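The block underneath contains the structure these notes are about, expressed in structure tokens.
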Amino acid sequence: MTLRMEEICEVRPPLSGELQSRADRTPWTEKRRQFIVYRGDDQVGFLSFDLGFEEGLVIYELFVGERHGRQGIGTAMLLEAEKIALSLGYAQLVLRPEVLNGRLSGEELTCFYLKREFRRSATYEGLLEKSLIDLDCSGEIRYGQSRRFCSHGLIERMERA
Ligand SMILES: CC(C)(COP(=O)(O)OP(=O)(O)OC[C@H]1O[C@@H](n2cnc3c(N)ncnc32)[C@H](O)[C@@H]1OP(=O)(O)O)[C@@H](O)C(=O)NCCC(=O)NCCS
Numbered sequence: 006m007t008l009r010m011e012e013i014c015e016v017r018p019p020l021s022g023e024l025q026s027r028a029d030r031t032p033w034t035e036k037r038r039q040f041i042v043y044r045g046d047d048q049v050g051f052l053s054f055d056l057g058f059e060e061g062l063v064i065y066e067l068f069v070g071e072r073h074g075r076q077g078i079g080t081a082m083l084l085e086a087e088k089i090a091l092s093l094g095y096a097q098l099v100l101r102p103e104v105l106n107g108r109l110s111g112e113e114l115t116c117f118y119l120k121r122e123f124r125r126s127a128t129y130e131g132l133l134e135k136s137l138i139d140l141d142c143s144g145e146i147r148y149g150q151s152r153r154f155c156s157h158g159l160i161e162r163m164e165r166a
């Protein structure tokens, strides 16, 4: 199974019904990057980020089409989000879990992120964060497991799945 991500801007390609309604709720701005995820010709996911926050790269929306759920796509999109964050110079991913439809409960959604190494922010209530780098005892930046995953990239990971 191969996934690919395509960035969309102000002028959007035709989107499938589910993804169109997500994109409609996420207006394009210069400070927001948005991606459509494809599996073959199928549009299976939507991912958007807000730039410019000192806490980290904000995942504004992570959405997988209903019939494509529970096949590892959301997890692969999070790993790709890490790669994007690092490439933009962010050391952390942050998000506020918010159920976008009735597919899973708030508790299940939070659990989805906690199982993927997000932690509750000590500073901002309700915020989850995932650090993408560590400082070792000499103060050197060490890229952790996240970086290792990222170097495989979305496509290779999905092929191995
Ligand atoms: C949250 C979401 C992105 C997960 O994507 P996904 O591709 O289904 O996730 P994966 O296949 O990588 O991982 C599956 C895990 O997600 C969680 N999950 C997904 N669907 C679930 C459901 N219907 N009920 C309970 N848990 C669910 C579980 O933790 C599951 O792990 P498990 O299969 O071992 O139980 C997807 O369910 C979604 O788009 N939901 C609607 C949009 C939304 O609320 N987004 C959150 C914005 S903050």
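Residue numbering for the sequence shown follows my numbering, beginning at 6 and increasing consecutively. Using N, Cα and C, we set each Cβ at its ideal position, and we do this for glycine too. None of these values were measured; they are calculated from a predicted model.
| said: Using a Cβ distance threshold of 8 Å, determine whether the stretch 73 to 89 contacts the stretch 24 to 37, with at least three qualifying pairs required. | reply: Because the criterion of three Cβ pairs below 8 Å is not met, the stretch 73 to 89 and the stretch 24 to 37 do not touch.
Counting C-beta neighbours from all protein chains within 10 Å, is the total for residue 95 16 or more, i.e. buried, or is it exposed?
Along the sequence shown, one-based indexing puts residue 95 at 90. Flag for residue 95 reads buried.
Whole beta strand (DSSP E) elements within the stretch 25 to 65, 3-residue minimum
DSSP runs (the beta strand (DSSP E)) wholly in the stretch 25 to 65: 37 to 44, 47 to 55.
| Using the rule of at least 16 other Cβ atoms within 10 Å of the residue's Cβ for burial, across every protein chain shown, is residue 61 buried or exposed? | Here residue 61 refers to the residue found at position 56 of the sequence shown. Classification for residue 61: buried.
Worksheet item: How close, in whole Å, do the beta carbons of residue 67 and residue 44 come, if the pair is a contact with beta carbons under 8 Å?
Response: What you label residue 67 is simply residue 62 of the sequence shown in a count that begins at 1. What you label residue 44 is simply residue 39 of the sequence shown in a count that begins at 1. Taking 8 Å as the upper bound for CB-CB distance, residue 67 and residue 44 are not in contact here, some 16 Å apart.
Would residue 51 pass as a contact of residue 89 if the rule is Cβ separation under 8 Å? Position 46 of the sequence shown holds residue 51. Position 84 of the sequence shown holds residue 89. No, these two residues do not count as a Cβ contact at 8 Å.
Fill in: For residue 69: DSSP bridge partner residues
Within the sequence shown, the letter at position 64 stands for residue 69. Beta-bridge annotation (DSSP): residue 69 is paired with 50.
Just to confirm my understanding: we take residue 132, look at its own chain, exclude 5 residues before and 5 after, and list those with CB closer than 8 Å. What are they? As a working note, residue 132 is residue 127 in the sequence shown. These residues qualify, in order along the chain: 60, 99, 100, 101, 125, 126.
Notebook entry, point to check: Do residue 99 and ligand 1 come close, with the Cβ less than 7 Å from some heavy atom?
Noted result: Stepping through the sequence shown from its first residue, residue 99 is reached at position 94. Checking every heavy atom of ligand 1 against the Cβ of residue 99, none is found closer than 7 Å.
#### Entry: Residues sharing a beta bridge with residue 136, DSSP
Taking the sequence shown and counting its residues from 1, one reaches residue 136 at position 131. 97, per the DSSP bridge assignment.
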